[in-house]
Amino acid sequence: RSYTTANNGNYELIRRGGLIFAAVLFCLGMAIIFSECLLSKAHTIFIQ
């Protein structure tokens, strides 16, 4: 096994991990934004 194949394997692992991490952060951010929108709508409904 040469250095280039080992390096390529590490690159793929880091790339896949980074994509998964970015997807999780994206979903978490969307959930926070969506929940805040729902809370603000519910708050205005209860006040009126």
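Letter 22 of the sequence shown, counting from 1, is numbered 137 in this note's numbering, and no numbers are missing. The beta-carbon is built from N, C-alpha and C at its ideal position, and this holds for glycine as well.
Measuring only the C-alpha atoms, how far is S150 from I135? 22 Å
In angstroms with no decimal places, state the Cα-to-Cα distance between C152 and L143. 14 Å
Own chain residues within Cβ distance below 7 Å of A138, not counting five before or after: none
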